[in-house]
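Below: one structure, written as structure tokens.
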Amino acid sequence: MDAIASCHEGMAVLADSHAKQGAHQRDMRTAHSRGSTFRLVELFALEGYPSPDRQAAFYGQSASLVRYLVARGGSLQFTRFMSTAAAGGYDAAVRTIYGLQGIADLERRWLQDVSLTGAIAKN
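Here this note's numbering is used: the first residue of the sequence shown is 39, the next is one more, and so on.
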């Protein structure tokens with residue numbers, strides 16, 4: 039799987055039914071609470087699909103990340119991000135398109151958003 043595939047999978051999950059999207063959100067929250075999410079560097083570098091025991095986290099995390107990026111800048115900006123990532127890598131795309139300091143900065147902000155969103159959903 040090339041680096042851009044995790045975004046494609048995330049987009050596909052977001053096209054699923056609301057019930058299935060909810061299941062993926064629960065998978066993401068479970069993986070996040072257990073500390074078993076992929077580091078973004080790891081997610082972006084995957085070749086092929088992860089082992090079966092990590093696939094639920096992969097799909098949930100991919101959807102969560104795509105949802106976060108689209109919410110942050112809209113679908114056009116996300117499309118530009120994917121094109122830039124395909125041409126020059128994710129780190130450059132994060133810097134150029136989202137104005138962040140790289141993948142680690144994106145990961146920190148995204149995980150913070152996941153934590154806050156999860157706290158709101160639980161209340």
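Ideal Cβ positions, reconstructed from N, Cα and C, are used throughout, including at glycine.
Item, Value
"R77 in three-state terms, based on DSSP", "coil"
"First and last residue of the uninterrupted alpha helix (DSSP H) at R92", "Element bounds for R92: n/a, residue is neither H nor E."
"Collapsed DSSP secondary structure at K160 in the structure displayed", "Note that K160 scores 40 on pLDDT, short of 50, meaning its location in the model is unreliable; the coordinates nonetheless yield the value given after this. Residue state, collapsed to three classes: helix."
"Secondary structure of L114, DSSP reduced to three states", "helix"
"Coarse secondary structure for Y87, derived from DSSP in three states", "coil"
"Validate contact between the stretch 117 to 131 and the stretch 88 to 98 using beta carbons, cut 8 Å, 3 pairs", "no"
"Cβ-Cβ distance between Y128 and L78 below 9 Å", "yes"
"contact_flag[the stretch 105 to 115, the stretch 68 to 76] where n(CB pairs < 8 Å) is 3 or more", "no"
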